[in-house]
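Following: one structure in structure tokens, then a few remarks.
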Amino acid sequence: MKNLKLLTGTAVLAGLLLTTGCVKNEEADGVKALRQAQAAKLNAEATATTLAAEAEAAYRNAETAVKQAEVAIKEAEARAKEIQNAYNEASNEISIANAQIAADLNQAQTQAIIDKALVTAEKDLAEAQKDLEIALSKYESELAADAAKNKNLSAYLTAYKEAITDVNTLRQEIIGLQRNLATAQLYFLNNNLTDSGNLAAAKTIQQEYLNVKLGYLQGWVERYEAVMGDLATIADELVDVKEDIYNLKAQIDDKEVEQKLAEQAREVALEEYQAAYDAWEEVVNKDNLIDLFSDEENINSEIIPYSYLTNVIDPDNIEETGAGDSDFDTEGIYFQSYKYYNDWIEGFEADIDANEELISEKEDVVDLLEELHEQYASQLAALEQAVITEFEKIEPLLHEVNVAEIANQAEQTTASQDALDDAVDALEAVTDNPGDPMNSTSGTFYDAYTAYDEFINDVNDSDIDLSFLYMANYAESPLGPNEEVVNIPYFIGVFNAEIESWEAEIDGWEDDMSEYEADLEIVEGYVAYLEGLQSGNLTALETSYQDAKAVFYAARVAYDEVSAELAALKAELVRAEGFEDVLEGNGEDISDDLYENVTGLKEQIAKTEADIAEIDNDFANWEALIASLEAKIAQKQTELDIYQAEADHYKELIDAELGEE
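In this note's numbering, the protein residues as written are 408 to 1068.
And the structure:
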């Protein structure tokens, strides 16, 4: 119907324009307003759709962060088993404390990974959801005129916005519960070594959080009911709640700073806890460690702590030293005793000496070869070429003899006989055995080969044994494939290549040896450091360790407390903004909105009171807490699926209503 009215109005407008004296190109104010309104609606819908997708993506990213936390916990579980085995085998006070601190550090380091992944994801999710809620409010505002004329559209808009709000709330609650679950699973690891009140502290923090939440909820019920009793107070309440929102945001900013400081304090306490343990352990174990590392008869392996290594090595290069493996990724790097490094260094030195001897011998040979090459290379080449030249004359001369003989046999004349004799004389001048030139006894080929052979003999008769330098000549050589000749340049190249290969091996061994020497220097320095420690302050060191441990546990609890307070403030801000939205809503619907919110708040109160009543059971042990959190997550996920389906359904109804207009 609206489309029909619009078309009719346009037709009348067109008729009026046609009856005027001139045609104007400007569109009428009414048409322009309609077009702009439609464009605004489309833009608002597009923005809301985009931000809904971004909120969905932020939630998926948060789920990915949960998966990362689960992987971190799996890795921590593997280390926890190693730590538990070490604890079970512990035979003295230090080895027991070693297992305890390894368990504490395993938890603390994994907790940092979980916090980094999930806190960031929660923040991104909250920002995306806030942007979506603002966009939905704008979308609702753009559709206000349509909703006023279409009760179905109005109802669908309200239901859609409420469903989206519920979806957002549940998503944040699920991710928050997932983080709590990850922490509980982490604290459960090696809890016989690390608990020290963790479970009791967690229970106290949760109890305080629930009590604060209950107080907030009850306060909101009172404020809602006060407005329901007197709608005339809406304006004053709106002023008050805006001030509350401003104050809450300021408190959240302050609390986030406090949380960051608490996190830093926790990390500093962790470092000091580790350092205090290292100092205590070193003095207790110093004699044993000195004997172990300085052992020249046996190969031993033990940790040098990070607290020492960071003072003597660039922190960026620490992992490249020692065996490259760390103990539980917490204490330090494994190094070996003196014998291990000295054996390797002596082996490298022996290999280097052997290669240097080979190089020296081969360089002497190369020098002699180069000297011989300088003396005989050109002469040898000329003699060999002379043999080849004379050999190449034989076949043509033999051919001439055969031709002359055939001619003489065909017609025996003085001329033909003279030609044959001349041909034979020419052949015999080169060789007297053309069928087997190598066995010639006279001729120029014989002379050339004899000169070449005598030169080879002269070389062989020299003071240097060069028999190993002979190699088979080419098959096409007149000397035959099995004859051996001196090929000095070839062997100079071969021997120089061998020398380069041996030198490259020496370079590699020297690089490896320098690493072993560097590690040996670290071990020797650590032994000297241990020898300088005084044993008289052992009691004071143990006290410092216990004090540092207590400070670390207190810092961890303080961080958890601040985090819980921050979560409570953020939840209170959401409730305050919800109250603001209701007070700024349509006057005719405000009573219904107030009633619905009061009903929801009372349901939350009942649920919070039930959680408080169940807290003893939930925190009976870590297993109970984990089971409770898993059950709550499953319940919230079921609710999320329902509300997401509702939101999708009402969005389809809204689109259908708008499509009919």
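Every residue, glycine too, gets a C-beta built ideally from N, C-alpha and C. What you are looking at is a predicted structure, and each value in this text was computed from that prediction instead of being measured.
Would you list, in sequence order, the uninterrupted alpha helix (DSSP H) runs of no fewer than 4 residues that lie entirely inside the stretch 816 to 867?
821 to 837 and 851 to 867
Best match in 550, 670, 749 and 739 for proximity to residue 931 [C-alpha to C-alpha]
749
Nearest CA to the CA of residue 685: which residue from 926, 501 and 462?
501
Apart from the five residues on each side of it in sequence, which residues of its chain come closer than 7 Å, Cβ to Cβ, to residue 812?
827
Taking buried to mean at least 16 other C-beta atoms within 10 Å of its own C-beta, is residue 488 buried or exposed?
exposed
Using beta carbons (cut-off 7 Å, strictly below), is residue 968 in contact with chain D?
Given the protein chain composition of this structure (a single chain), no chain D is represented.
DSSP-derived helix/strand/coil call for residue 700
helix
Give the range of the alpha helix (DSSP H) segment to which residue 636 is assigned.
605 to 636
Which residues does DSSP list as the beta-bridge partners of residue 742?
709
Residue range of the unbroken alpha helix (DSSP H) whose run includes residue 640:
Note, residue 640: premise wrong, no alpha helix (DSSP H); not H, not E.
Could you check whether residue 1057 and residue 573 sit closer than 7 Å to each other, using their CB atoms as the reference points?
no
What whole-angstrom Cβ distance do residue 701 and residue 745 have, given they're in contact under 8 Å?
6 Å
What residues in its chain sit with their C-beta under 6 Å from that of residue 679, if we drop five residues either side in the sequence?
955
Please say whether residue 469 and residue 582 have beta carbons closer to each other than 7 Å?
yes
Simplified DSSP state of residue 550, which is helix, strand or coil
coil
State whether the stretch 958 to 965 contacts the stretch 620 to 630, with contact taken as three or more CB pairs (one from each stretch) at a distance under 8 Å.
no
What residue range does the alpha helix (DSSP H) around residue 587 cover?
558 to 595
Span separating the alpha-carbon of residue 887 from that of residue 785:
Model confidence at residue 887 stands at a pLDDT of 40, short of 50, so the residue's coordinates are unreliable; what they give is reported in the following sentence. If you take the alpha carbons of residue 887 and residue 785, they lie about 22 Å apart.
Starting from residue 1007, trace the alpha helix (DSSP H) in both directions and tell me its first and last residue.
997 to 1020
Given 8 Å as the limit, is there contact between the stretch 642 to 662 and the stretch 996 to 1016, that is, 3 or more CB pairs closer than that?
no
Proximity to residue 1043 [Cα-Cα], best of 670, 706, 815 and 578:
578
According to DSSP, is residue 389 helix, strand or coil?
Because the chain here runs from 408 to 1068, residue 389 falls outside it and cannot be looked at.
On a Cα-Cα basis, can you pick out the residue from 982, 821 and 1028 that is closest to residue 656?
982
DSSP state of residue 1028, grouped into three classes?
coil
Reducing DSSP to helix, strand and coil, say where residue 462 ends up.
helix
Should residue 412 go down as buried or exposed, given a rule of 16 or more other Cβ atoms within 10 Å for buried?
Interpretation of residue 412 is limited by its pLDDT of 27, a score under 50 that renders its predicted location unreliable; the figure taken from the coordinates is listed afterwards. Flag for residue 412 reads exposed.
Per DSSP, what kind of secondary structure is residue 940 in: helix, strand or coil?
coil
Roughly how many angstroms lie between the CA atoms of residue 543 and residue 658, to the nearest whole one?
27 Å
For residue 696, the nearest candidate out of 453, 709, 704 and 796 (CA to CA):
709
Residue span of the alpha helix (DSSP H) that contains residue 598, given as start and end:
598 to 601
Here's a check: name, in chain order, each residue in its chain whose Cβ is nearer than 7 Å to the Cβ of residue 762, leaving out the five neighbours to either side.
909, 912 and 913
Are the beta-carbon atoms belonging to residue 571 and residue 978 less than 7 Å from one another?
no
With distances taken between CB atoms, is the gap from residue 691 to residue 940 smaller than 7 Å?
no
Count the other C-beta atoms from every protein chain shown that fall within 10 angstroms of the C-beta of residue 694, then say buried if there are 16 or more, exposed otherwise.
exposed
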